[in-house]
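Undergrad: Under the UniProt record's numbering, the first residue of the sequence shown is numbered 1, with each subsequent residue one higher.
One structure coming up, written as structure tokens, with questions to follow.
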Amino acid sequence: MRGLWKGGVRISSQPLTGAPKTEYSQLNRQYWKQNVKEIPKYLTVSSVSNGLIAWLFGVTGPLLIVLQSAEKGNLAVDVTSSWIFSIYCVGGILSLLLSIYYRQPIAVAFSIPGAVLVGSTLSQHTFPEVVGAYIITGILILILGLLGVINRVMKILPMPIMMGMVSGVLLPFGTDIFVSVLENPLLNGIILFVFLLISLFDRLSKKFPPILGAILAAIILLTGLDLVHLNEVSLSVAKPQWFRPDYNLAVIGELVFPLALTVIAIQNAQGIGVLKSMDYHPPVNAMTNWSGIGSIFNGFFGGHSACIAGPMTAIVSGKDTGPKEGRYAAAIVLGFFWFLFGVFAPVAAAITQMIPASLIKLLGGLAMVGVLMSSLHMSFASHFRMGALFSFMITISGFTILNIGPPFWGLVGGIVVSLLLERKDFLNL
Numbered sequence: 001m002r003g004l005w006k007g008g009v010r011i012s013s014q015p016l017t018g019a020p021k022t023e024y025s026q027l028n029r030q031y032w033k034q035n036v037k038e039i040p041k042y043l044t045v046s047s048v049s050n051g052l053i054a055w056l057f058g059v060t061g062p063l064l065i066v067l068q069s070a071e072k073g074n075l076a077v078d079v080t081s082s083w084i085f086s087i088y089c090v091g092g093i094l095s096l097l098l099s100i101y102y103r104q105p106i107a108v109a110f111s112i113p114g115a116v117l118v119g120s121t122l123s124q125h126t127f128p129e130v131v132g133a134y135i136i137t138g139i140l141i142l143i144l145g146l147l148g149v150i151n152r153v154m155k156i157l158p159m160p161i162m163m164g165m166v167s168g169v170l171l172p173f174g175t176d177i178f179v180s181v182l183e184n185p186l187l188n189g190i191i192l193f194v195f196l197l198i199s200l201f202d203r204l205s206k207k208f209p210p211i212l213g214a215i216l217a218a219i220i221l222l223t224g225l226d227l228v229h230l231n232e233v234s235l236s237v238a239k240p241q242w243f244r245p246d247y248n249l250a251v252i253g254e255l256v257f258p259l260a261l262t263v264i265a266i267q268n269a270q271g272i273g274v275l276k277s278m279d280y281h282p283p284v285n286a287m288t289n290w291s292g293i294g295s296i297f298n299g300f301f302g303g304h305s306a307c308i309a310g311p312m313t314a315i316v317s318g319k320d321t322g323p324k325e326g327r328y329a330a331a332i333v334l335g336f337f338w339f340l341f342g343v344f345a346p347v348a349a350a351i352t353q354m355i356p357a358s359l360i361k362l363l364g365g366l367a368m369v370g371v372l373m374s375s376l377h378m379s380f381a382s383h384f385r386m387g388a389l390f391s392f393m394i395t396i397s398g399f400t401i402l403n404i405g406p407p408f409w410g411l412v413g414g415i416v417v418s419l420l421l422e423r424k425d426f427l428n429l
């Protein structure tokens with residue numbers, strides 16, 4: 001986890017050859033302190049607003065999926081509350097630690113497709129048996145990270161094909177901008193107009209981010225149209241529980257491999273691809289290791305697998321967040337509010353459910369416009385164009401086999417097509 005730095009940004013996760021261990025530890029402490037010390041410098045309007053947008057995005061739609069899965073399993077309220085506590089508090093802590101240490105905008109959350117998988121399993125098996133599968137999944141992910149398997153795979157995976165998958169994942173968020181306007185023309189139409197109006201003026205948009213203008217317009221409109229009533233929310237704190245796992249071979253066979261696959265090949269792959277598209281050098285092994293550790297912690301508190309959050313990482317790593325070396329501040333904002341959301345899960349859940357779902361679609365899509373442009377450019381600007389196209393098309397198609405989602409099959413299909421039709425590109429690679 002130690003590495004080289006350039007201009008304040010970690011550019012390699014490889015150690016300095018020949019340097020003694022004491023020098024490593026001193027360098028690590030020095031850079032850790034430096035990164036913490038410089039956080040206030042980069043807590044700008046842009047970084048804070050994008051951090052809040054990423055937080056808002058992550059505590060609405062994804063939370064509803066978790067609640068739906070808990071309902072399928074007929075879980076008690078205190079069990080569901082502990083589940084929410086673990087996935088958001090652990091994600092918040094890991095987002096803070098990884099973003100500060102590596103000085104990169106790394107958002108850690110939980111596997112969204114994993115939550116869907118868990119819902120079907122909970123309807124047939126006991127919760128302690130599912131918890132046992134959570135913990136084994138975390139151990140498996142950690143072992144793969146320690147062995148360096150994922151890092152080696154990422155090094156040989158063609159970037160355009162990976163970015164084709166990322167583009168396919170992000171595209172629905174872009175199209176949701178216009179879907180949201182159709183759902184609520186008055187509210188979302190005005191907010192979109194404000195975003196485009198600010199974007200029209202270069203000087204203004206550099207000092208006053210268009211996404212911030214959209215947020216302010218949303219607050220004014222929600223208040224003016226009397227669409228939200230915060231006085232109806234009462235203060236309450238989550239009460240986490242410690243669960244003793246049971247181990248059932250049927251549940252292990254049903255959940256462990258699909259959960260690990262969603263973390264490594266779908267969620268983490270998205271986050272890694274997004275960071276690479278922004279010219280970062282993400283610490284792949286460390287991201288895998290901490291996903292495994294976070295998954296183990298989550299499991300004991302009733303939560304499912306931790307992972308790198310692709311869409312949220314896309315929001316906080318965009319160019320409109322600020323200078324490259326300071327975008328980690330946006331992930332710190334996200335991590336802080338992630339943790340608070342977990343602690344005050346009952347309150348936060350009530351607030352987010354009071355905000356129109358179409359507004360969340362709009363703000364999330366607007367925050368990812370820049371990243372979507374970058375990922376599309378990287379997909380089709382050079383080699384592996386056919387593979388990138390198939391990766392993109394399979395990902396947006398909803399193609400699913402064996403309960404494994406389309407992002408994974410997009411990567412597989414893109415590689416197969418390139419191996420058949422673009423062998424020269426592989427030779428150059």
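By construction, the Cβ of each residue, glycine as well, lies at the ideal position given by its N, Cα and C atoms.
1. In the DSSP assignment, the alpha helix (DSSP H) including residue 173 goes from what residue to what residue?
2. Given a threshold of 16 other Cβ atoms within 10 Å of its Cβ, counted over all protein chains shown, does residue 361 qualify as buried or as exposed?
3. Among the residues of its own chain, which have a CB less than 8 Å from the CB of residue 215, if the five just before and after it don't count?
4. As an exercise, report each continuous beta strand (DSSP E) stretch of at least 3 residues that is fully enclosed by the segment 268–342, in chain order.
5. If we ignore side chains and look at the alpha-carbon of each, how far apart do residue 172 and residue 366 end up?
6. List the residues that DSSP assigns as beta-bridge partners of residue 108.
7. Taking the C-alpha atoms as reference points, what is the distance between residue 387 and residue 73?
8. Using C-beta distances below 8 Å, list every residue in its chain close to residue 25, excluding the 5 sequence neighbours before and after it, in chain order.
9. Who are the near neighbours of residue 56 in its chain, counting only those whose CB is closer than 7 Å to its CB and skipping five residues on each side?
10. Within the same chain, show all residues whose beta-carbon is closer than 8 Å to that of residue 298, passing over the 5 residues directly before and after it, in chain order.
11. Can you find at least 3 beta carbon pairs, one from the segment 114–130 and one from the segment 251–260, that sit closer than 8 Å?
12. Over what stretch of residues does the alpha helix (DSSP H) that includes residue 226 continue unbroken?
13. Touch check for the segment 95–109 and the segment 239–246: three-plus C-beta pairs under 8 Å?
14. Would the beta-carbon of residue 69 fall within 9 Å of that of residue 118?
15. Which same chain residues, not among the five before or five after residue 99, have their C-beta less than 7 Å away from its C-beta?
16. Looking only at its chain, what residues have a beta carbon closer than 7 Å to the beta carbon of residue 409, apart from the 5 residues adjacent to it on each side?
17. Mind checking residue 285: buried by the 16 CB within 10 Å criterion, or exposed?
18. Using only the alpha-carbon positions, how far apart do residue 377 and residue 163 sit?
19. So which of 249, 246, 94 and 159 has the shortest CA-CA distance to residue 392?
20. Do residue 269 and residue 407 count as a contact pair if the criterion is CB distance below 9 Å?
21. Throw me the rounded Cβ distance for the residue 195 and residue 210 pair, which I believe falls under 8 Å.
22. Applying the 10 Å Cβ sphere with the 16-neighbour rule, what's the burial state of residue 71?
23. With the cut-off set at 9 Å, would you say residue 200 and residue 292 are in Cβ contact?
24. Does the beta-carbon of residue 420 have 16 or more other beta-carbons within 10 angstroms, so that it is buried, or is it exposed?
25. What residue from 140, 83, 67 and 78 has the CA that sits closest to residue 252's CA?
26. Starting from the Cα of residue 427, find the closest Cα among 326, 128, 157 and 202 and give me that residue.
27. Please report the distance separating the alpha-carbon of residue 179 from that of residue 248.
28. Nearest to residue 423 by CA position, among 396, 41, 384 and 390, is which residue?
29. In the structure shown, what three-state DSSP assignment does residue 355 receive?
30. Return the CA-CA distance between residue 414 and residue 389, expressed in angstroms with no decimal places.
TA: Inspection of the coordinates gives the following:
1. 159–183
2. Under this definition residue 361 is a buried residue.
3. 49, 52, 53 and 363
4. Restricted to the segment 268–342, the beta strand (DSSP E) segments that are unbroken, complete and at least 3 residues in length are 306–308, listed in chain order.
5. 12 Å
6. Beta-bridge pairing by DSSP links residue 108 to 308.
7. Between the alpha carbons of residue 387 and residue 73 lies a distance of about 40 Å.
8. For residue 25, the pLDDT reaches just 49, beneath the cut-off of 50, and the residue's location in the model is therefore unreliable, leaving the point undetermined.
9. 360 and 363
10. 86, 87, 90, 110, 134, 138, 304, 305 and 306
11. Proximity of the segment 114–130 to the segment 251–260 meets the contact definition, three or more beta-carbon pairs being nearer than 8 Å.
12. Careful: residue 226 lies outside any alpha helix (DSSP H) and carries neither H nor E.
13. no
14. yes
15. 105, 106, 328, 331, 332 and 335
16. 394, 399 and 401
17. buried
18. Those two C-alpha atoms are separated by around 9 Å.
19. 159
20. Result yes, Cβ atoms of residue 407 and residue 269 sit closer than 9 Å.
21. 5 Å
22. exposed
23. No, Cβ-Cβ distance for residue 200 and residue 292 is not below 9 Å.
24. exposed
25. 140
26. 157
27. 43 Å
28. 384
29. Secondary structure of residue 355 (DSSP, three-state): coil.
30. 7 Å
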